[in-house]
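Numbering (this note's numbering), first residue to last: 54 to 570. Since the structure comes first, as structure tokens, the remarks are kept for the end.
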């Protein structure tokens, strides 16, 4: 019989930059703003860990009737125990517990089902793709308790469908999907990295202030998992429920922690296409579903603009600054697994700095209009590059251009889009910070000039790889170059930016090295 062991409430199992801490010790240190690093936390586990700690903090403080974030460990320990008063032995907070009791993120062991042993936390965690993009599996042969903690949080709160009987979480749009996070977060002093404690404080305070009374189940692993029974959003669960999607139990073998897992006929929570009021997930206004990335998806400028500024998606609550939020520089954090039909494209993460002058303007009508204008500017420069290289591929004969000639331009166009991606948000933030439309147009004009410079450089790099009959190459190249310049001039004209160019424009503009601003 498995004995209770590795109690997260009383044992310092989690390593931070301020030492090894218990789970309530972590929450207390974060309330004091001290933790800036979880040393064993892997990049793909960060969103799951952050959301888990926030949900846990809000649930515990609300249950305890607390409205402030306590900075002492004992208060947090009592608040966490208040969520599991039916278990005075702390079993739900222990990595190991008897099979008939819940253990940390592990429901009581079911008697039915086929159980499979899992030797390492890597094999338990989400990266179950045969391509192994981000990590190799089963490398943590000497894994400690905290590695299992992070793996449990990751798989139980973020995992998707991975085969018959292996169902995914409720907070995503269907099985072949993923739980996405698009949110704001305070930064460390470097202005580029998330400050874990300040991020946790912000989200916990916001959600605690927004709480409404609820009698729903908050910690899903406390309840026995009967295979034919599903829990239902809005009926059985607290809005901030911490879920589990897999039957997992840890045990000890030859002095080392291991796991065993079993499938289930149905998902633990009935599917609602991710419409769970997840505070970090954007939702589609038209189709009533949460955001997901396909297996080749990424948080490009176009995707983020669509999600935040197109009007087609409702921004996640945590992506919106609160009316009374103190202005400060922030980070836009977008993280998710790119996931398709039983396969993943790997973990996607993008962190974009935002100055305090822009944060409250990021989601307004001005942002929608100005970002749409930038998208059109990029399309026009892209068309100019495409048409020039297609003409080159057609031996300089415009009437001979066919689909396969346009296909030859794709590598160069991808390169241009990457440059646009790098420039897009800094330029957009400058436009949103501007106080007049005239200044915004000047910023756009500079953006067009610089993107055009990039198009010229990419064009020159691409020319040698474009096949063309040798005898016709000089004429084809001359015609293609002329078409590029005509296309870029036309792009500037269609954007109505010609009157907003710098007054003292460099006469050697076409020869200079591309810049970013």
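Cβ coordinates follow ideal geometry from the N, Cα and C atoms, glycine included. Only a predicted model underlies this, so the values are computations on that prediction, with no experimental measurement involved.
For residue 201, same chain residues with a beta-carbon under 8 Å away, outside a window of 5 residues either side, are 148, 174, 177, 303, 310 and 312 in chain order.
With respect to residue 257, residue 386 sits apart: the two C-beta atoms are not nearer than 8 Å. Contact between the region 247-267 and the region 138-156 is absent: fewer than 3 CB-CB pairs across the two stretches fall below 8 Å. Under the 10 Å beta carbon count, residue 159 is surrounded by 16 or more other beta carbons and is classified as buried.
The alpha-carbon separation between residue 356 and residue 87 amounts to approximately 34 Å. Assignment of residue 385 by DSSP, reduced to helix, strand and coil, places it in the strand class.
Taking the Cβ atoms as the reference, residue 344 lies roughly 4 Å from residue 335, within the contact range of under 8 Å. Straight through space, the alpha carbons of residue 409 and residue 488 are spaced by roughly 15 Å.
By the neighbour-count criterion, in which a residue is buried when 16 or more other Cβ atoms sit within 10 angstroms of its Cβ, residue 210 is buried.
Annotated three-state conformation of residue 144 is helix, per DSSP. Per DSSP, the unbroken alpha helix (DSSP H) holding residue 505 starts and ends at 490-515. DSSP lists 383 as the beta-bridge partner residues of residue 407. Under the Cβ criterion (8 Å, minimum of three pairs), the region 245-254 does not count as touching the region 125-140. Secondary structure note for residue 116: its alpha helix (DSSP H) is the uninterrupted segment 99-117. The count of Cβ pairs closer than 8 Å, one atom from the region 426-444 and one from the region 495-515, reaches three, so the stretches are in contact.
Non-local beta-carbon contacts of residue 323 in its own chain, meaning distances under 8 Å to residues more than five positions away in sequence, involve 223, 283, 284, 285 and 286 in chain order. Annotated three-state conformation of residue 477 is helix, per DSSP.
With contacts defined by Cβ atoms closer than 8 Å, residue 380 and residue 404 do not form a contacting pair. Within its own chain, the residues whose Cβ lies closer than 7 Å to the Cβ of residue 64, once the five positions on either side in sequence are excluded, are 75, listed in chain order. The DSSP assignment places complete beta strand (DSSP E) segments of no fewer than 3 residues inside the region 244-293 at 270-272, in order along the chain. Within the same chain, and ignoring the five residues on either side of residue 325 in sequence, the residues whose Cβ sits closer than 8 Å to its Cβ are 223 and 286. Annotation for residue 367: 336 and 338 place their beta carbon closer than 6 Å to its own, counting only its chain and skipping 5 residues before and after. The residue from 217, 278, 534 and 249 with its alpha-carbon nearest to that of residue 448 is 534. Judged by DSSP secondary structure, residue 239 falls within the beta strand (DSSP E) whose first and last residues are 234-239.
Shown here, residue 424 sits in a helix according to DSSP, grouped into three states.
Between the alpha carbons of residue 89 and residue 249 lies a distance of about 6 Å. By the neighbour-count criterion, in which a residue is buried when 16 or more other Cβ atoms sit within 10 angstroms of its Cβ, residue 293 is buried. Nearest to residue 137 by C-alpha distance, out of 517, 116, 79 and 527, is 116. Taking the Cα positions, residue 417 is about 13 Å away from residue 484. If you check the CB distance, residue 171 and residue 342 do not come in under 8 Å. In this structure, DSSP gives residue 418 a helical state, which the three-state scheme calls helix. Here DSSP, grouped into helix, strand and coil, assigns residue 219 to coil.
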